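In order, the protein sequences belong to chains A and B.
So the first sequence is numbered by the working numbering: it starts at 63 and just counts up by one.
So the second sequence is numbered by the working numbering: it starts at 499 and just counts up by one.
Worksheet: the structure to be examined is printed underneath.
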Amino acid sequence: MSLRPDLQIIADNVTPGSRVLDVGCGDGALMAELRDKHHVDARGMELDRGNVATAMARGLSVIQGDADIDLAEYPDQSFDYAILSQTLQTTRRPDLVLDQLLRIGRRAFVSFPNFAHWHVRWSLLRNGRMPVTRLLPVEWYETPNIHHLTINDFRDFVTSRGLTVEGQWFLAGDKLISPSAANFRAEHAVFLLRR
Amino acid sequence: METDQRFGLNRHLTLPGPLMLDAGVAFAPVEFAYETYGTLNADRSNAILICHALTGDHHVASNHPITGKPGWWTRLVGAGKPVDPARHFIVCVNVLGSCLGSSGPSSIDPATGKPYGMSFPVITIADMVRAQAMLLDHLGVGDLQAVIGGSMGGMQVLSWTILYPERVRSAIAIATTARHSAQNIAFHEVGRQAIMGDPQWRDGDYYADNNPPAAGLAVARMAAHITYLSEAGLTEKFGRKLQGRDAKSFGFDADFQIESYLRHQGISFTDRFDANSYLYITRAMDYFDLAEPYEGVLAKAFAAAKNTRFCVISFDTDWLYPTAESRHIVHALNAAGAPVSFVELSSPFGHDAFLLDVPEQNSIVDGFIRAGEGRV
């Protein structure tokens, strides 16, 4: 089973043998890959009970918890990496969650869908309605994505917090694309940050 | 090993001791009732200890020798189950203080030739664990692949990781807590007062004429039994249904099914359990507070346990040891840096869910144990 493309990018760029906290780890697909192929000591946090049960049955260390609440309990700098994949836009306070990530982890991987992708822009312009796309497949009233953001929004946020970008990857149609005009062309972004 | 009398079902053994108790007493000798299943492998790496709850016994996966009832955790322990005699050497010990084979207030005090009664020392959960460790030493079991228990069994599991961190590789604590709350103590005190208020209790010296404080013990069990079930479960099972009648009696018979059910639970309990043991074991649970010796900081209690893998499970309808108590444990383990998994499972059964049919519990425990064996 192949990993989701943003997770594959993260898996390929985590230092083997490191300690990783995967926040919003889903059913543990990335954690299992990191454990089995990269000898990573992976821990996870996940909101959904069914996903937690699945990940635990795979033998992964996962706790049922809420990124907005339960990250506060982890000690400072207790992980080499904190990972937040496709979860930032679902949190109540993405800014505080990012602060927690870089408090707990020496580095943080953050991936999110880009709301400024041309397809989203076109859909909104043409239809005048909240777009329902491949990466944002849910109607506005039931979407878990309560804080949509664009790549440029994220870059501004990173700059305002004085964070360092150590890596950035952009995806369209599940393929890596060049960084040029990424805010327009990329469906999906992955950033590697440190303080 | 086939002929080694230390191993097998329904074992009874007396060790010379002494067992140093938290109360400051050197207790000796120490009686044990226990069972083992499976075979300890050559490198002695496959031992799993199962810890039972308040009124449980050592017959975890075998038919009870008297009642013939199946073991109390056959859903989890047995051939093809997550804890499997084909792979594991499984030990279950009746707790210190019980009346079901290990030393307790109904045991004979060798100094007097009579039952201890209330001269039995007050014990703690840690004392139960130290007794288990003493027995495991005798069985030649060094470290444990896993310690598993629910409710009071879970308290023993957590205590194991603090008292003997180097002996526990994996710990599975289900439907449990790191300390007894005021509400927990309150319910137990109702039970104890029911026993001690029964004229037949006679300061615990009731063994000679075989006339125990059954009425008090039955009420204690009734009060406790309510805490093991969920409100929704009670409503679904009993609602306001009447028992064997079409109309209310305008009297104090068991008009309602729930009354009849509770009375039956109370009375049948007195056939198998000793009132003094109930006093001692509930006291041990009430004294339980893992953080107390560590300035109230639970993370400090777990500092030595950071190399033990933990699996913590709670149930959404358990109001005796609600999920918040498990989260408290998980947060402390995170702060201590211990690898911990946690899930709140959904079940209509309340606190008793850990003993009942919750398929997710089995798949989670199975995955957790296999991951500890490096075989996922």
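Beta carbons: idealized from backbone N, C-alpha and C, even for Gly.
Here the structure is a predicted model, which is why all the values come from computation and not from measurement.
Residue 746(B) and residue 684(B) have their alpha carbons spaced roughly 32 Å apart. Going by beta carbons, residue 233(A) and residue 248(A) fall inside the 8 Å limit. Around the Cβ of residue 851(B), a 10 Å sphere holds 16 or more other Cβ atoms; the residue is buried. Contact between the stretch 143-157 of chain A and the stretch 169-177 of chain A is established, with three or more Cβ pairs separated by less than 8 Å.
Runs of the alpha helix (DSSP H) lying entirely within the stretch 695-730 of chain B and spanning at least 4 residues, in chain order: 712-726.
Judged by DSSP in its simplified three-state form, residue 143(A) adopts strand.
Here residue 787(B) carries a strand assignment [DSSP, helix/strand/coil]. Taking every protein chain shown into account, the CB of residue 156(A) has 16 or more other CB atoms within 10 angstroms, so this residue is buried.
Residue pairing from DSSP places residue 126(A) in a beta bridge opposite 108(A). In this structure, the CA atom of residue 590(B) is about 6 Å from the CA atom of residue 547(B). Residues of chain B whose Cβ lies closer than 7 Å to the Cβ of residue 140(A) are, in chain order, 835. In its chain, beyond the 5 residues on either side, 569 have a beta carbon closer than 6 Å to the beta carbon of residue 557(B).
If the five residues before and after residue 518(B) are omitted, its C-beta is found closer than 7 Å to the C-beta atoms of 524, all from its own chain and listed in chain order. Considering only beta carbons, no part of the stretch 500-519 of chain B lies closer than 7 Å to chain A. When C-beta atoms of the stretch 696-706 of chain B are compared with those of the stretch 824-833 of chain B, fewer than three pairs fall below 8 Å, so the two segments do not count as touching. Contacts with chain A at 8 Å (Cβ-Cβ) do not include residue 728(B). With respect to the 8 Å criterion, residue 730(B) and residue 846(B) are classified as neighbours on the basis of their beta carbons. Taken residue by residue, none of the stretch 677-709 of chain B has a beta-carbon sitting less than 7 Å from a beta-carbon on chain A. Residues of the stretch 125-152 of chain A whose Cβ lies closer than 8 Å to any Cβ of chain B, in chain order: 125, 126, 127, 132, 135, 136, 137 and 140.
Within the stretch 169-185 of chain A, no residue places its CB atom closer than 9 Å to a CB of chain B.
For residue 230(A), the enclosing beta strand (DSSP E) starts and ends at 226-234.
For residue 838(B), same chain residues with a beta-carbon under 6 Å away, outside a window of 5 residues either side, are 808, 828 and 831 in chain order.
Boundaries of the beta strand (DSSP E) harbouring residue 669(B): 668-672, taken from the DSSP string. Annotated three-state conformation of residue 558(B) is coil, per DSSP. Interface residue (Cβ-Cβ distance to chain B less than 8 Å): residue 121(A) is classified as such. Annotation for residue 856(B): 843 and 845 place their beta carbon closer than 7 Å to its own, counting only its chain and skipping 5 residues before and after.
At a cut-off of 8 Å, the C-beta of residue 714(B) has no neighbouring C-beta in chain A. In this structure, the beta-carbon distance from residue 106(A) to residue 84(A) falls below 8 Å. Per DSSP, residue 540(B) lies in no beta strand (DSSP E) segment and is marked neither H nor E. For residue 200(A), same chain residues with a beta-carbon under 8 Å away, outside a window of 5 residues either side, are 194, 206 and 207 in chain order. Between residue 142(A) and residue 165(A), the C-beta spacing is not below 8 Å. Where residue 657(B) is concerned, the enclosing alpha helix (DSSP H) starts and stops at 650-661.
The Cβ atoms of residue 529(B) and residue 617(B) do not sit closer than 8 Å to each other.
By the C-beta criterion, the stretch 793-806 of chain B is judged not to be in contact with the stretch 760-776 of chain B, since fewer than 3 inter-stretch pairs fall below 8 Å. Ranked by Cα distance from residue 805(B), the options 659(B), 813(B), 672(B) and 749(B) are led by 659(B). Judged by DSSP in its simplified three-state form, residue 816(B) adopts coil rather than helix or strand.
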